[in-house]
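> Below are the structure tokens for one structure; questions will follow.
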Amino acid sequence: MSGLALVAHQFRFDQKAFWRNPASVFFTVAFPVVLLLIFATVFGDETVDVAGGIETTTYYVPAIITLSVISATMQSLAMSLVIAREDGRLKRGRGTPMPPWVFIAGRIGNSIVVALLMLALIAALGRLAYDVPIPWEQLPAIVVTLVIGAAAFCCLGIALTAAIPSQDAAAPIVNALLLPLYFLSGVFIPDDQLPSGVIHFADAFPVRHFFEAFFSAYVPSAGGGAGLEWGNLAAVAAWGAAGLLLAVRYFRWSPRSG
Amino acid sequence: MPDPDLVISVRGLRKSYGEVEAVRGIDLDVRRGEVFAFLGPNGAGKTTTVEILEGYRKRSDGEVSVLGEDPEHAGRGWRERIGIVLQSGRPDPYLTVRESLALYAGYYRAPRPIDEVIELVGLGAKAEARASSLSGGQQRRLDVGLALIGDPELLFLDEPTTGFDPSARRQAWEAIAGLRDLGKTVFLTTHYMDEAQRLADRVAVLARGEVVARGTPEDLGDRESQPATISYRENGHSVELETTNPVQTLNELTGKALAEGRDLEGLEVTRPSLEDVYLSLTSEGAE
Numbered sequence: 012m013s014g015l016a017l018v019a020h021q022f023r024f025d026q027k028a029f030w031r032n033p034a035s036v037f038f039t040v041a042f043p044v045v046l047l048l049i050f051a052t053v054f055g056d057e058t059v060d061v062a063g064g065i066e067t068t069t070y071y072v073p074a075i076i077t078l079s080v081i082s083a084t085m086q087s088l089a090m091s092l093v094i095a096r097e098d099g100r101l102k103r104g105r106g107t108p109m110p111p112w113v114f115i116a117g118r119i120g121n122s123i124v125v126a127l128l129m130l131a132l133i134a135a136l137g138r139l140a141y142d143v144p145i146p147w148e149q150l151p152a153i154v155v156t157l158v159i160g161a162a163a164f165c166c167l168g169i170a171l172t173a174a175i176p177s178q179d180a181a182a183p184i185v186n187a188l189l190l191p192l193y194f195l196s197g198v199f200i201p202d203d204q205l206p207s208g209v210i211h212f213a214d215a216f217p218v219r220h221f222f223e224a225f226f227s228a229y230v231p232s233a234g235g236g237a238g239l240e241w242g243n244l245a246a247v248a249a250w251g252a253a254g255l256l257l258a259v260r261y262f263r264w265s266p267r268s269g
Numbered sequence: 083m084p085d086p087d088l089v090i091s092v093r094g095l096r097k098s099y100g101e102v103e104a105v106r107g108i109d110l111d112v113r114r115g116e117v118f119a120f121l122g123p124n125g126a127g128k129t130t131t132v133e134i135l136e137g138y139r140k141r142s143d144g145e146v147s148v149l150g151e152d153p154e155h156a157g158r159g160w161r162e163r164i165g166i167v168l169q170s171g172r173p174d175p176y177l178t179v180r181e182s183l184a185l186y187a188g189y190y191r192a193p194r195p196i197d198e199v200i201e202l203v204g205l206g207a208k209a210e211a212r213a214s215s216l217s218g219g220q221q222r223r224l225d226v227g228l229a230l231i232g233d234p235e236l237l238f239l240d241e242p243t244t245g246f247d248p249s250a251r252r253q254a255w256e257a258i259a260g261l262r263d264l265g266k267t268v269f270l271t272t273h274y275m276d277e278a279q280r281l282a283d284r285v286a287v288l289a290r291g292e293v294v295a296r297g298t299p300e301d302l303g304d305r306e307s308q309p310a311t312i313s314y315r316e317n318g319h320s321v322e323l324e325t326t327n328p329v330q331t332l333n334e335l336t337g338k339a340l341a342e343g344r345d346l347e348g349l350e351v352t353r354p355s356l357e358d359v360y361l362s363l364t365s366e367g368a369e
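Heads up: the sequence lines are chains F and Y, in that order.
Numbering-wise (my numbering), the first sequence opens with residue 12 and increments by one.
Numbering-wise (my numbering), the second sequence opens with residue 83 and increments by one.
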């Protein structure tokens with residue numbers, strides 16, 4: 012098989028394994044849906060003082076899509092690669108004629124496809140349950156923003172595996188990094204309720220930049236223009252590039268334990 | 083390669099980790115079609131050596147040729163010709179036996195038919211079962227199947243039955259014995275004497291990074307020339323005689339007993355077992 016056909020082959024089996032794994036389906040697919048339902052139920056009647064005042068649900072739909080994309084990429088990749096590494100599957104794969112990058116490319120493809128599915132799912136849910144309009148005219152900006160973010164967070168997820176010593180440590184480390192950033196970056200708590208110091212702090216990290224870029228793409232009244240926030244996207248891409256460099260340097264194929 | 087029948091050739095192999103020398107000058111020859119066992123206790127350097135042969139680790143010194151190539155610099159074409167079963171490893175728990183084999187079949191240019199491999203490793207009844215539902219022995223056999231799917235000439239098995247219960251070991255042994263019938267060359271590491279005895283054509287015993295004995299399982303450590311022990315009981319005391327000529331000693335002993343009308347209670351002639359030879363070889367000079 013050629014390189015591309017091999018990636019498609021690997022992707023096909025990664026998809027099977029992904030959808031059969033209850034943990035990955037729950038945390039990547041069901042959990043964001045539950046979060047949206049909770050936030051919409053608790054804060055549904057309020058408005059958010061962003062972009063001249065918008066409905067809370069209009070705020071939370073792009074926020075939860077942001078979380079879903081990061082979850083499908085950085086979180087899901089870091090966990091599944093550490094599990095495969097510690098189970099010896101990465102090392103075993105290296106003993107076959109398959110070029111190692113094919114394995115990684117299959118997993119990245121899996122993450123990006125799941126991220127796009129989550130975009131469709133949350134957007135549809137927002138439209139049907141909470142009347143949050145789907146900004147069809149913004150679709151190119153939405154997809155470009157999502158793919159840049161997904162690629163960057165994939166790189167960060169792969170880099171992060173180097174800091175995770177065992178399967179048991181994977182979930183705690185990933186959550187310890189991401190959960191605070193979701194709170195500080197306005198994903199869980201709307202911008203207008205966060206002190207400006209917190210926002211400045213969050214500006215140092217990619218979650219905040221990706222959320223701002225995605226929010227502008229999804230809620231056109233917030234940004235204006237084509238909905239592409241190149242400044243934020245550049246920050247996200249820079250984080251991704253740093254992740255890629257670290258991944259190339261520190262990624263391990265052999266189990267750390269045993 | 084001067085000798086095309088030589089599948090693995092190793093001369094003066096050394097590997098150090100910092101100050102520690104794990105492998106201290108090993109020579110090995112493995113010929114086409116044989117099952118070669120690399121036997122030694124834990125920490126003797128078996129896995130280090132086999133991982134150098136598999137191309138996972140770099141050596142510190144020495145010459146290594148596997149299928150005519152240096153594993154450190156061998157590429158995809160070389161990997162098409164070898165199969166690897168690592169010491170520990172689990173197949174993807176969410177894929178079935180057939181799916182895992184189909185996944186790996188895609189990595190090779192000319193894989194064996196999947197159904198044939200399923201039969202070879204005796205997983206016909208479990209073909210549609212997910213790996214998570216297989217027993218340890220069955221997972222190991224799937225692992226052997228994954229190593230066979232590319233139809234390799236040479237298979238590496240690193241401690242294929244460590245930690246198995248007796249029935250799982252027997253299942254794994256049957257799968258490995260079947261490999262010889264396929265004409266594969268097998269390089270096996272183990273710390274079980276009986277495993278080497280059961281499966282191997284030739285054995286090299288490794289201790290503290292060096293080969294301390296080599297040969298067929300039968301003549302390993304020159305077992306035939308070692309003194310035999312004759313033991314029996316006489317007047318309630320047990321008597322043991324060591325002899326290098328047990329036929330003659332036994333003849334004298336029984337002739338005398340018969341002439342005197344005595345019985346030799348519990349009469350037994352024992353040779354050092356392979357286990358004894360192995361233990362004495364691997365413990366010499368050890369702390």
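Cβ coordinates follow ideal geometry from the N, Cα and C atoms, glycine included.
Values in this document were obtained by computation on a predicted structure and should not be read as measured data.
DSSP on Y:Tyr314, reduced to helix/strand/coil?
Three-state DSSP puts Y:Tyr314 in a strand.
> Given F:Ile184, which residues of its chain have a CB within under 6 Å of its CB, disregarding the five upstream and five downstream residues?
So the list reads Ile175, once near-sequence residues are dropped.
> Could you tell me which whole alpha helix (DSSP H) segments of length 4 or greater appear in the segment 76-163 of chain F?
Within the segment 76-163 of chain F, the complete alpha helix (DSSP H) runs of at least 4 residues are 87-97, 100-105, 111-141.
> Tell me which residue opens and which closes the beta strand (DSSP E) that F:Ala180 is part of.
Counting along the chain, F:Ala180 falls outside any beta strand (DSSP E), though it belongs to the alpha helix (DSSP H) covering 178-195.
> Looking at chain F, is there any beta carbon in it that lies within less than 7 Å of the beta carbon of Y:Ser362?
Taking Cβ atoms only, chain F never reaches closer than 7 Å to Y:Ser362, which makes this a no.
> What do you reckon, are the CB atoms on Y:Leu110 and Y:Val287 nearer than 7 Å?
No, they are not a contact pair.
> Let's see if you can read the secondary structure: which residues bound the alpha helix (DSSP H) around Y:Asp143?
Looking at the DSSP string, Y:Asp143 is not in any alpha helix (DSSP H); the run it does join, the beta strand (DSSP E), is 143-148.
> Identify each residue in the segment 25-49 of chain F for which the Cβ-Cβ distance to at least one residue of chain Y is less than 7 Å, and report them in chain order.
Within the segment 25-49 of chain F, the residues whose Cβ lies closer than 7 Å to some Cβ of chain Y are Lys27, Ala28, Arg31, Asn32, listed in chain order.
> Which term fits F:Ile49, buried or exposed, when burial requires 16 or more other beta carbons within 10 angstroms of its beta carbon?
Exposed.
> When the Cα of F:Asp202 is compared with those of F:Ala89, F:Ile159, F:Gly106, F:Glu223, which residue comes out closest?
Minimum Cα distance to F:Asp202 is reached at F:Glu223.
> Tell me the residue span of the beta strand (DSSP E) that contains Y:Lys208.
Premise fails: Y:Lys208 is in no beta strand (DSSP E) and is neither H nor E.
> Using 10 angstroms around the beta-carbon of F:Val7, count the other beta-carbons present and answer buried if the total reaches 16, otherwise exposed.
The question about residue 7 of chain F has no answer here: the residues shown for chain F are numbered 12 through 269.
> What is the C-beta distance between Y:Glu145 and Y:Gly94, in whole angstroms, given that I count them as a contact (C-beta under 8 Å)?
Going by Cβ atoms, the distance from Y:Glu145 to Y:Gly94 rounds to 7 Å, so yes, they are a contact pair.
> Which runs of the alpha helix (DSSP H) fall wholly inside the segment 149-215 of chain Y and span at least 4 residues, in chain order?
Segments of the alpha helix (DSSP H) lying fully in the segment 149-215 of chain Y: 158-161, 179-187, 196-202.
> Since Y:Ala295 sits in a beta bridge, which residues does DSSP pair it with?
DSSP lists Y:Val287 as partners of Y:Ala295.
> Quick one: what's got a C-beta closer than 7 Å to F:Thr77's C-beta in the same chain, skipping five residues either side?
Only Val198, Phe221, Phe222, Phe225 meet the Cβ criterion.
> For F:Ile49, report the span of its beta strand (DSSP E) as first-last.
Segment 42-54 is the alpha helix (DSSP H) holding F:Ile49; no beta strand (DSSP E) there.
> So is F:Thr69 in contact with chain Y if we call contact Cβ pairs under 7 Å?
No, no contact with chain Y.
> By alpha-carbon positions, which one of F:Val124, F:Val230, F:Gly137 ends up nearest to F:Thr39?
Closest option to F:Thr39, Cα to Cα, is F:Val124.
> Looking at the C-beta of Y:Asp174, does it have a partner C-beta in chain F at a distance below 7 Å?
By this cut-off, Y:Asp174 is an interface position.
> How far does the beta strand (DSSP E) with Y:Lys97 in it extend, from its first residue to its last?
Start and end: 88-99.
> Could you tell me if Y:Arg191 is buried or exposed, where buried requires 16 or more neighbouring beta carbons within 10 angstroms of its beta carbon?
That one is exposed.
> Quick check: is the beta carbon of Y:Gly188 nearer than 7 Å to any beta carbon in chain F?
It does; some Cβ of chain F falls within 7 Å.
> Check whether the segment 156-167 of chain F and the segment 14-23 of chain F touch, using three or more Cβ-Cβ pairs below 8 Å as the test.
Contact between the segment 156-167 of chain F and the segment 14-23 of chain F is absent, because fewer than three Cβ pairs lie under 8 Å.
> Where do the ends of the beta strand (DSSP E) carrying Y:Arg106 lie?
Where Y:Arg106 is concerned, the enclosing beta strand (DSSP E) stretches over 102-113.
> Going by DSSP in three states, Y:Asp345 sits in which element: helix, strand or coil?
Coil, per DSSP.
> From the DSSP output, read off the bridge partner residues of F:Ile65.
DSSP lists F:Val59 as partners of F:Ile65.
> So is F:Asn121 buried or exposed if we call it buried at 16+ other beta carbons inside 10 Å?
Buried, by the Cβ-count rule.
> Where DSSP assigns a beta bridge to Y:Thr272, which residues make up the other side?
DSSP output for Y:Thr272 lists Y:Leu121 as bridge partner(s).
> Check whether the segment 189-206 of chain Y touches the segment 92-109 of chain F, taking contact to mean three or more Cβ pairs, one atom from each stretch, closer than 8 Å.
Yes: the two stretches touch, three or more of their Cβ pairs being nearer than 8 Å.
> For chain F, is any of its Cβ atoms less than 7 Å away from the one on Y:Ala368?
Because Y:Ala368 carries a pLDDT of 46, less than 50, the predicted location of this residue cannot be relied on, and the following value inherits that uncertainty. False, the Cβ-Cβ gap to chain F never drops below 7 Å.
> What is the rounded straight-line gap between the Cα of Y:Glu69 and the Cα of F:Ser87?
Residue 69 of chain Y lies beyond the range of chain Y shown here (83 to 369); nothing can be said about it.
> Identify each residue in the segment 79-111 of chain F for which the Cβ-Cβ distance to at least one residue of chain Y is less than 7 Å, and report them in chain order.
Within the segment 79-111 of chain F, the qualifying residues are Asp98, Gly99, Arg100, Lys102, Arg103, Gly106, Thr107, Pro108, Met109.
> Looking at the structure shown, is Y:Thr129 part of a helix, part of a strand, or coil, going by DSSP?
In this structure, Y:Thr129 counts as helix in the three-state DSSP scheme.
> For the beta strand (DSSP E) containing Y:Phe238, list its first residue and its last residue.
It spans 236-240 - the beta strand (DSSP E) in which Y:Phe238 sits, taken as one unbroken run.
> Nearest to Y:Ala119 by alpha carbon, out of Y:Asp345, Y:Asp233, Y:Arg315, Y:Leu237?
Taking only the C-alpha atoms, the option nearest Y:Ala119 is Y:Leu237.
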